[in-house]
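Contents: one structure, followed by commentary.
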Amino acid sequence: MNIAEGKIQAFLEAQTRDFGAKAEIDPGLWSLFVVPAADEDARTVAQALLAEVGFVHDSGLTEDDQWMLYYVDTANRDAAIHWMDDLLRILTGKIRLPSPAQSELIDDLLASKMPHRVAQKLAEQHTNGEISAGCIDNPDMVRALLDRLHLMEPLYFSAFQLLLANHLIDLVVLLRQINDDDVALENQITKSSVSRDPFLQTRQDAASNIRHLLIEYHIINTMDQQKNTTIGNPYAAMTDVFLDGDNILAHIDGNKVNLPRQSFLKAIHSIRSNLYRGDKFESFNTQTPWMSEDISYPFRFIKQQLDLNRNFTPMDWLFMLERAV
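With the first letter of the sequence shown counted as 1, position 247 gets the number 239 in this note's numbering; the numbers rise by one all the way through.
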């Protein structure tokens, strides 16, 4: 596609705002794009964008021949809406949301008899960059995932451990939803006698690992081994990034620097958008062509932090930094 990204972004923003499969033009048909029939540039952009999509769509002129409509039916509407939103997020460096198929997979965690396989699929997609950290962020879903732990299913403990280890559960939501009974369950299983039953030993090992991760993520307080009530945002504690009004207090090369929150977020989005394109974080520096003066200091801070936290991928760390503020 030989169309400037800025032009594509402007087109998508306008179409998402005004149309984006939100308006029903006929029973069961939804307008994805609507452009003036005489606007060859707009029609070229629309056709180029839709050339390789994975859902069925069609197009046609209005009765007065003034407008070209690009539309989908109800069966393809959710996929089309997600595609538009996802493409715009890629261009702007925003956190990508789960696709309809990925959302169904997340829902399967609650009822599947093989939850560890579901969790493994999600973990693999996360490793492959197909789904973002923190994708499980619905409070009711997180509460339901915690509730299933109390059924004491060994395979489910392994599944929950996988979700935590791969950063798939939003920790801000988890901290709000977890209660004393949940923490007591992990403590109880971890401290109980080692089982001779390999199946139950799997549960005990997973419970121990879950407890370790909850401590590492500041969900459990290391002092009293209970729910951490001293913080409101685990990501702020993990990244050591804290807001002071609209500024972030940062140490860069040994100097204290106040970073405007908006510049910090702009730096995150700029870095992420280039990672989405396939560039490597290691290739970025303050002389990179897309680097602007207002994000150079935030970039140096982010790079400095990642150098100190190499056990996290750049994508995961950017997610945590954004959630921290």
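No residue lacks a Cβ here, since even glycine has one placed at the ideal position from N, Cα and C.
Taking C-alpha positions only, Leu177 is separated from Arg168 by approximately 17 Å. Under the three-pair Cβ rule at 8 Å, the region 153 to 160 counts as touching the region 104 to 114. With respect to the C-alpha of Thr54, the residue from Phe11, Gly121, Val26 having the closest C-alpha is Val26. When Arg315, Ser91, Gly121 are compared, the shortest CA-CA separation from Leu235 is found for Arg315. Excluding the 5 residues flanking it on each side, Ser288 has same chain C-beta neighbours closer than 6 Å at Thr278, in chain order.
Buried is the label assigned to Leu137, since at least 16 other Cβ atoms lie within 10 Å of its Cβ. Taking a C-beta distance under 8 Å as the contact criterion, Leu154 and Ile211 do not qualify as a contact pair. Two segments are said to touch when three or more pairs of C-beta atoms, one from each, lie closer than 8 Å; by this definition the region 250 to 267 does not touch the region 67 to 76.
A Cβ-Cβ separation of about 16 Å leaves Leu101 out of contact with Pro92 under the 8 Å criterion. DSSP places Ala242 in the strand class (E or B) of the three-state scheme. When the alpha-carbon of Thr231 is set against those of Arg195, Val317, His49, the nearest one is in Val317. In its chain, beyond the 5 residues on either side, Val26 have a beta carbon closer than 8 Å to the beta carbon of Asp10.
Secondary structure note for Asn179: its alpha helix (DSSP H) is the uninterrupted segment 172 to 183. Separation of the CB atoms of Asn225 and Asn239 is rounded to 16 Å, and the pair is thereby denied contact status at 8 Å.
The region 304 to 313 makes contact with the region 256 to 275; the number of CB pairs closer than 8 Å reaches 3 or more. In chain order, Leu137, Leu141, Ile202 place their CB closer than 7 Å to the CB of Phe152, counting only its own chain and leaving out the 5 sequence neighbours on each side.
Ile17 is a Cβ neighbour of Tyr63, given a cutoff of 8 Å. Glu145 and Asp216 have their alpha carbons spaced roughly 27 Å apart.
Cβ contact annotation for Ala15 (same chain, cutoff 8 Å, sequence separation greater than five): Trp22, Ser23, in chain order.
Counting every other CB atom within 10 Å of its CB across the protein chains shown gives Leu300 a total below 16, marking it as exposed.
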